[in-house]
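Structure, as structure tokens:
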Amino acid sequence: MTPPRKLHIKSYGCQMNVYDAQRMVDTLGAEGFVETADAGDADLVILNTCHIREKASEKVYSELGRLRVAKEEAAKAGRAMQIAVAGCVAQAEGAEIIARAPTVDVVVGPQSYHHLPQLLSQASRGERAIETEFPAEDKFGFLAKPSREAIRARGVSAFVTVQEGCDKFCTFCVVPYTRGAEMSRPVARIVDDVMQLTESGVREITLIGQNVNAYHGDGPDGRAWTLGRLLYRIAEIPGVARIRYSTSHPNDVDDDLIAAHRDLRAVMPFVHLPVQSGSDRILDLMNRRHGAADYRRVVDRFRSVRPDIAFSSDFIVGFPGETEEDFRATLALIDQIGYAAAYSFKYSPRPGTPAADMQEMVSATEMDERLERLQSLIDSQQAAFNRSAIGTVVDVLFERAARKPGQLVGRTAYLQPAHVMASEDIIGQVLPVRIDSLERYSLLGELVTTPAARPDVASLMSIGG
Ligand code: 5AD
Ligand code: SF4
457 MTPPRKLHIK
467 SYGCQMNVYD
477 AQRMVDTLGA
487 EGFVETADAG
497 DADLVILNTC
507 HIREKASEKV
517 YSELGRLRVA
527 KEEAAKAGRA
537 MQIAVAGCVA
547 QAEGAEIIAR
557 APTVDVVVGP
567 QSYHHLPQLL
577 SQASRGERAI
587 ETEFPAEDKF
597 GFLAKPSREA
607 IRARGVSAFV
617 TVQEGCDKFC
627 TFCVVPYTRG
637 AEMSRPVARI
647 VDDVMQLTES
657 GVREITLIGQ
667 NVNAYHGDGP
677 DGRAWTLGRL
687 LYRIAEIPGV
697 ARIRYSTSHP
707 NDVDDDLIAA
717 HRDLRAVMPF
727 VHLPVQSGSD
737 RILDLMNRRH
747 GAADYRRVVD
757 RFRSVRPDIA
767 FSSDFIVGFP
777 GETEEDFRAT
787 LALIDQIGYA
797 AAYSFKYSPR
807 PGTPAADMQE
817 MVSATEMDER
827 LERLQSLIDS
837 QQAAFNRSAI
847 GTVVDVLFER
857 AARKPGQLVG
867 RTAYLQPAHV
877 MASEDIIGQV
887 LPVRIDSLER
897 YSLLGELVTT
907 PAARPDVASL
917 MSIGG
């Protein structure tokens, strides 16, 4: 038997890339590859890149510089190392990567991961391979499923892609270009994937997509199902204790989704709902297709059915033309909503997007200053939110042993890490915990026998937005 070949994947960016990396490992696993944590020791290194923010491609080229050295070392030792670039930078700048980085053997865009085995064998015949088309077939039908062992090793919480791509065309965003047009997977395929995961011990499912609540996959009745309807179906699958979904656009929150939050205990009351800005003028320039008041109404609809619901968001500061007054409108919106967490970014032009041609750039100092003000407001909201858990009993899904001997770590409904002294046999269970104190972002508590007062009501960078 030939010894297994070693594969190292370095993934950047969003949850979708984490998920895609796992699918690549599964698909190449079927070809005899095993994962290694050491790039220098690998027969194949895949850089799974992210294009969403600043200096994405420069980072890729500097990483490729390091890999070129590792590849030369391997060659000296008589070992052939292949280097592949995947993800959104591959999609956006594939031909340039091939031209600029002779060390790269394969460039593969996100819609073509199922072709990786062929691309690699083409490259081992000495022909460098590039595939950045959007093939007609559904790659999900061709990507290998994870083995039972792989699922177990990845833990009790798993991602399942339900849709990809985005048709919203926010003016700052590359996703519609790198991930392509919005497409949804059929309900039956998603249900099969979830069942396979739960049969191997997964208890929490996060449905992911760049614009997840635009979901409109074929249902078993031949009609297009909404995300809300899909949530009802997933909640029926034995073993599913918790369901999350990410990332949502405010305009695609419909009545089915609100009803699912009202009716389904498994749907966690924590929603990532990016708004980007609180200024109507900037929202318009961003082509978000909603104003601040529309966003507040969406939040109110969720809250009217789940008063305990909490939100996280994404914000961009320094979008071209953003004035101090626009920025204050963002702070005011944050004040009004009250977030449990948020991600915030300085605007950076992405080549090929409409905003990249906008002229009125905000100065770097102003951007820094606004980012700091925004982050300190979010930090104080997050700290208050975390403090409010102290003294309450909340449900925790136990995930794994913590660093401290005898301690386990799990997550609350709001994704706060919770640390408890307990035995490892409760991993995979959702149990009530009384929260005693807070250590930075982590809750410390004890298992209790009384159920949580609010049963199961108590990230990562997001995808799309
Ligand atoms: N500049 C800064 N932030 C951006 N994001 C997307 N594109 C850009 C850009 N050009 C942020 C948005 C999105 C998140 C995933 O990344 O806030 O919601
Ligand atoms: Fe689509 Fe989100 Fe990008 Fe807007 S920010 S284009 S909704 S992925």
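Under my numbering, read the sequence shown as residues 457 to 921, first letter to last. Backbone N, C-alpha and C define an ideal beta-carbon position, used for all residues, glycine too. These numbers were taken from a predicted model, which means no experiment stands behind them.
Check: Could you check how far apart the C-beta atoms of P602 and D482 are, in whole angstroms? I think they sit under 8 Å.; Outcome: 5 Å
Check: With distances taken Cα to Cα, identify the nearest neighbour of L683 among V696, G777, D711, R784.; Outcome: D711
Check: Counting only the same chain and skipping the five closest in sequence on each side, list residues whose C-beta sits under 8 Å from that of E510.; Outcome: K802, S804
Check: Quick check: does the Cβ of I607 come within less than 7 Å of any heavy atom belonging to the ligand 5AD?; Outcome: no
Check: Give the DSSP-derived three-state secondary structure of E519 in the structure shown.; Outcome: helix
Check: Between which two residues does the beta strand (DSSP E) harbouring F801 extend?; Outcome: 797-802
Check: Have a look at C626 and I772 and give me their C-alpha separation to the nearest angstrom.; Outcome: 12 Å
Check: Going by DSSP, what residues sit across from Q538 in a beta bridge?; Outcome: L500
Check: Hey, V562 and Q538: beta-carbon distance below 8 Å or not?; Outcome: yes
Check: Going by beta carbon distance, what residues of the same chain come within less than 6 Å of P632, once the five residues before and after it are set aside?; Outcome: C622, F625
Check: Is it the case that the CB of Q838 approaches a heavy atom of the ligand SF4 more closely than 7 Å?; Outcome: no
Check: Can you list, in chain order, the residues of its chain with a C-beta nearer than 8 Å to that of E880? Leave out the 5 residues immediately preceding and following it.; Outcome: A857, L864
Check: Compute the minimum distance between the beta carbon of Q666 and the heavy atoms of the ligand SF4, and state whether it is under 7 Å.; Outcome: yes
Check: I'd like the list of long-range same chain contacts for A697, defined as Cβ closer than 7 Å, with 5 residues on each side in sequence excluded.; Outcome: R659, E660, A722, L853, V886
Check: S893 bridges to which residues according to DSSP?; Outcome: L900
Check: Using a threshold of 7 Å, is the CB atom of P632 nearer than that to any non-hydrogen atom of the ligand SF4?; Outcome: yes
Check: When you compare the CB of S577 with every CB in chain D, is at least one pair closer than 8 Å?; Outcome: Going by chain labels, chain D is absent from the structure shown, which holds only one protein chain.
Check: Let's test the definition: count the other Cβ atoms within 10 Å of the Cβ of A914 and tell me whether it reaches 16, buried, or not, exposed.; Outcome: Confidence at A914 is low in this model, with a pLDDT of 41, below 50, so its placement is unreliable and the value that follows should be read with caution. It counts as buried.
Check: My assumption, with CB atoms under 8 Å, is that M472 sits in contact with Q652. Please give the rounded CB distance.; Outcome: Wrong, their Cβ atoms sit about 19 Å apart, outside the cutoff.
Check: So the candidates are R745, I891, V618; which of them puts its Cα closest to the Cα of R700?; Outcome: V618
Check: According to DSSP, is M480 part of a helix, a strand, or is it coil?; Outcome: helix
Check: List in chain order: all unbroken alpha helix (DSSP H) runs of 4+ residues lying wholly within the region 542-626.; Outcome: 543-556, 572-580, 604-610
Check: Is the beta carbon of P566 closer than 8 Å to that of G543?; Outcome: yes
Check: Return the chain-ordered list of same chain residues with a C-beta closer than 8 Å to the C-beta of T458, the five sequence neighbours on each side being excluded.; Outcome: G488
Check: Output yes or no for whether 8 Å exceeds the beta carbon distance between V643 and I693.; Outcome: no
Check: State the beta-bridge partners of Q863 as determined by DSSP.; Outcome: M877
Check: Give the secondary structure of Y870 by DSSP, where H, G and I count as helix, E and B as strand, and everything else as coil.; Outcome: coil
Check: Restricting to Cα atoms, I'd like to know which of A796, G636, K515, N707 is closest to A670.; Outcome: N707
Check: Are I664 and G734 close, meaning C-beta to C-beta below 8 Å?; Outcome: no
Check: Let me check you understand the geometry: is the CB of K624 closer than 7 Å to at least one non-hydrogen atom of the ligand SF4?; Outcome: yes
Check: Once the 5 residues before and after A797 are set aside, which same chain residues still bring their CB inside 6 Å of it?; Outcome: S768, Q838
Check: What are the complete beta strand (DSSP E) segments, minimum 3 residues, inside the region 705-746?; Outcome: 726-728
Check: Just to confirm my understanding: we take L916, look at its own chain, exclude 5 residues before and 5 after, and list those with CB closer than 6 Å. What are they?; Outcome: Low confidence applies to L916: its pLDDT is 44, below 50, so where it sits in the model is not reliable, and the reading given next is rough at best. Same-chain partners within the cutoff: Q471.
Check: Can you tell me whether DSSP reads K527 as helix, strand or coil?; Outcome: helix
Check: If we require 4 or more residues per run, which alpha helix (DSSP H) segments fall completely within the region 664-712?; Outcome: 683-691
Check: What do you get for P591, buried or exposed, if any count of 16 or more other CB atoms within 10 angstroms of its CB means buried?; Outcome: exposed
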